[in-house]
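Enquirer: Pasting a structure here, questions to come.
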Amino acid sequence: MTDSTKNTDTITRFAPSPTGHLHIGGARTALLCWAFARKAGGKFVLRIEDTDQTRSSESSMLGILEDLAWLGIEWDEGPTLEYDGKTLGGDPRGVGPFFQAQRLDLYNAHIRQLIEEGKAYPAFESPEELEARRKEAIAAKTGYKYNRAGLEVPLADRIARMDAGEPHVVRLKMPDEPITVYDEILGEVTVGPEEFDDFIIRKRDGFPTYHLAVVVDDALMGVTHVLRGQEHLINTPRHIALQQALGFDTPSYGHMPLIFNPDGSKMSKRDKDKLAKKAVKEQKIEASPMDSVSDEDFAAWLKDKTRQLASDDLIALAKVLGITLPEIDVEDFRAAGYLPGALNNYLALLGWNPKTKNEDGTDLEHFDMDYLASHFTMGGMSKGQSKFDRVKLLSFNSDAIVALTDEDFAKLWHQWAAQYDKPLAQRFDEAAMLTLAPAVKTRCKTLADGRGVVGFALMADGAIVYDGKAVHKALIKGDKKGLELLIGFKAVVEGMDDFSPEAIEAAVKDYAESQGVGMGKVAQPLRVAATGGAVSPPLGQTLAILGKKSVLARIGGCEESVYLMANKE
RNA sequence: GGCCCCAUCGUCUAGCCAGGUCCAGGACACCAGGUUUUCAUCCUGGUAACGCGGGUUCAAAUCCCGCUGGGGUCACCA
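Going letter by letter, the first sequence gives residues 6 to 574 in the working numbering.
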């Protein structure tokens, strides 16, 4: 066998099952596993748990790799991925492959060993038979437990029947004594033997179950520390029993608290589906509004709570409904314009605390990946479950955006738009976004919000809709009418050669002084004329981004609009 | 339901392990002011929590027990 278990370097792993997108909870697990390994100067391994043949897919796997890379959670060993000029993953120690479906021989060798040592045994009951017994037990209100009937068949017969190809599963003979988990986060947890039955380690289809695969792989890959969600706590005694049966060392465990929605419900991919169904019912939509989904399928989906729409269809539907789906997967947050740094920061802080003060006495909450990698400890983890607060995350993202240099902001914003908002990327190139940066940065909490800030510039000059209230207040009301000042300023614009934000600001200031009015008396009419409303970035930037021609056109359009309104009255 | 984990402002949390310096600190949100040509940013101030009941102790947010509440888990899923 291998001696990789003797490796004393710290090794952590993240082992997702490729059955969907990377969930935000999974991302936190990965992040903290990564941080723990970095802090210890060890290695972080990525392994793909694809033993469920019916649910695993390669596209899911690729998506997960991509999401991890985007977050900056770089794995040292595992499937390889080229990202941003770097190669992630690889197998320098020769402990791969990192796909469990490719490791069947390894699992089978260990299972065979257990059977021959009498520590595990084939069992031949059919799933239906067991299901029936389980139902009986539930009806009789007694707890169900496998009755070890498989053990009644003599060992030699069992092996002979198994080798002859008779359908069977393999079960581990659980020890008859309590098992204690020494958890780095929760402390000691002891569970009695009555809580466990002889669980299955190899399925009828010949694939190992999660329990067997995880124990064998962790041991063979030299994993020293297992950080995972608390839902696995009760599995740990099973894993310890398996390690003991196989003669493996038991790694250190740390079971992290789970993340929930603000209403206390479990954060799940279904949340998106649920919201969509609710909206469809509220809006009384009966026929499928999507080409890709037939009316029949749509009706069936609507009726069946357990049925879920494909991700792309859901996105299309949300657009039709005019609703925003809750972000659940890493990909959702990326599309919504979150920065990986802010997401990591928030995620790390949800359950972990650096317990450090800033110089001004406030708690340290904002930190980057380098900080995490050099300060993370399991002792800083809280034990209790926490709720995912999107508002606070939004605030973190907003802070991260403001902290960006204008150059970085323009770059990231343009990259984001190229992928998620093509019209925006076409209207503004990176250089234009750089001009916009100072104005947009403080006005958007996500990159996607940026569109709202510059929305006025995306409309055709003739398509501006003038807000009646704003027009009245800025242009019609008052002694010195805004409209007159606006028309007067038009001439100033016509004479301008330099149409930079600074030049515009200066021109507005001079003009206001010459007219003996405050800045606001000139600025607001201009703002309304240029954007249709009373709210926009600083005037210089607003006008500069439109350009002189467009500004003149809009002032003209505004005049007309005001006359029309006046005639109506 | 059995077993297991958990419990400080609305939310995330510091303080708890080594009881007094805590009529409980920070952040987000919220409210009120201020700066600003609009909005936003920014600045100042404010509201707001130790789940309940018993112990132990001179002294409990901190230690012990019970209750209540939340969560996990009881698959040939992971």
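For every residue, glycine included, the Cβ atom is placed at its ideal position computed from N, Cα and C. Computed from a predicted model, the values in this text were never measured in an experiment.
1. Run the CB neighbour count on residue 576, radius 10 Å, all protein chains shown included, and call it buried at 16 or more, exposed below.
2. Could you tell me which of 199, 195 and 192 sits nearest to residue 181, measuring between CA atoms?
3. When the Cβ atoms of the segment 42 to 61 are set against those of the segment 77 to 90, are three or more pairs found closer than 8 Å?
4. Smallest Cα separation from residue 121: which of 528, 160 and 152?
5. Using CA coordinates, which residue listed in 76, 445, 472 and 516 is at the minimum distance from residue 489?
6. Checking 8 Å against the spacing of the C-beta atoms, do residue 230 and residue 257 come in under that value?
7. Beta carbon of residue 244, beta carbon of residue 219: below 8 Å?
8. Let me make sure I understand the geometry here. Which of 165, 519, 556 and 493 has the alpha-carbon closest to that of residue 534?
9. To the nearest whole angstrom, what separates the beta carbons of residue 461 and residue 525, a pair I think is in contact under 8 Å?
10. Does DSSP put residue 82 in a helix, in a strand, or in coil?
11. Roughly how many angstroms separate the alpha carbons of residue 2 and residue 206, rounded to a whole number?
12. Exposed or buried, which one is residue 428 when buried takes at least 16 other CB atoms within 10 Å?
13. List the whole-angstrom C-beta distance separating residue 271 from residue 265, where the pair is believed to meet the contact cut-off of C-beta under 8 Å.
14. Thinking C-beta only, is residue 204 closer than 8 Å to residue 58?
15. Quick one: using the 10 Å Cβ neighbour count with 16 as the cut-off for buried, is residue 11 buried or exposed?
16. From the DSSP output, in three-state form, read off residue 50 for me.
17. Kindly identify the DSSP beta-bridge partner or partners of residue 18.
18. Taking just the CA atoms, how far does residue 549 sit from residue 505?
19. Give me the Cβ distance between residue 577 and residue 414, rounded to the nearest whole Å; I'm assuming they're in contact under 8 Å.
20. With a cut-off of 8 Å on the beta carbons, I'd call residue 27 and residue 335 a contact; round off their distance for me.
21. Evaluate residue 132 with the Cβ neighbour count: other Cβ atoms within 10 Å of its Cβ, from every protein chain shown; 16 or more gives buried, anything less gives exposed.
22. Where does residue 91 fall in DSSP's three states?
23. Would you mind stating whether residue 561 and residue 507 have Cβ atoms separated by less than 8 Å?
24. Which value, in whole angstroms, describes the spacing of the CA atoms of residue 477 and residue 568?
25. Using only the alpha-carbon positions, how far apart do residue 553 and residue 532 sit?
26. Please tell me whether residue 371 and residue 404 are closer than 8 Å, where the distance is taken between their beta carbons.
27. In the structure shown, what three-state DSSP assignment does residue 325 receive?
28. Between 331, 65 and 364, which lies nearest to residue 396 when the distance is taken from Cα to Cα?
29. In the DSSP assignment, find the beta strand (DSSP E) that holds residue 438 and state where it starts and stops.
30. Taking residue 201 as the reference, which of 242, 192 and 237 has the closest Cα?
31. Buried or exposed: residue 295, going by 16 or more other Cβ atoms within 10 Å of its Cβ?
32. Which partner residues does residue 183 have in the DSSP bridge list?
33. When we look at the beta-carbon of residue 107 and count the other beta-carbons within 10 Å, is it buried (16 or more) or exposed?
34. Relative to the alpha-carbon of residue 225, which residue among 239, 252 and 237 has its alpha-carbon at the smallest distance?
35. May I ask you to report which of helix, strand or coil DSSP gives residue 213?
Expert: Based on what the coordinates show:
1. There is no way to answer for residue 576, as the model of the chain reaches only from 6 to 574.
2. 199
3. yes
4. 160
5. 516
6. yes
7. yes
8. 556
9. So it is not a contact: roughly 19 Å between Cβ atoms.
10. strand
11. What is shown of the chain runs 6 to 574, which leaves residue 2 out entirely.
12. exposed
13. 6 Å
14. no
15. In this prediction, residue 11 has a pLDDT of 36, which is less than 50 and means its spatial position is unreliable; what the coordinates show is noted afterwards. Classification of residue 11: exposed, given that the 10 Å Cβ count is below 16.
16. strand
17. 50
18. 6 Å
19. The structure shown does not extend to residue 577, since the chain spans only 6 to 574, so no value can be given for it.
20. 5 Å
21. exposed
22. strand
23. no
24. 12 Å
25. 14 Å
26. yes
27. helix
28. 331
29. Per DSSP, residue 438 belongs to no beta strand (DSSP E); it is in the alpha helix (DSSP H), 435 to 446.
30. 242
31. buried
32. None, per the DSSP bridge assignment.
33. exposed
34. 252
35. strand
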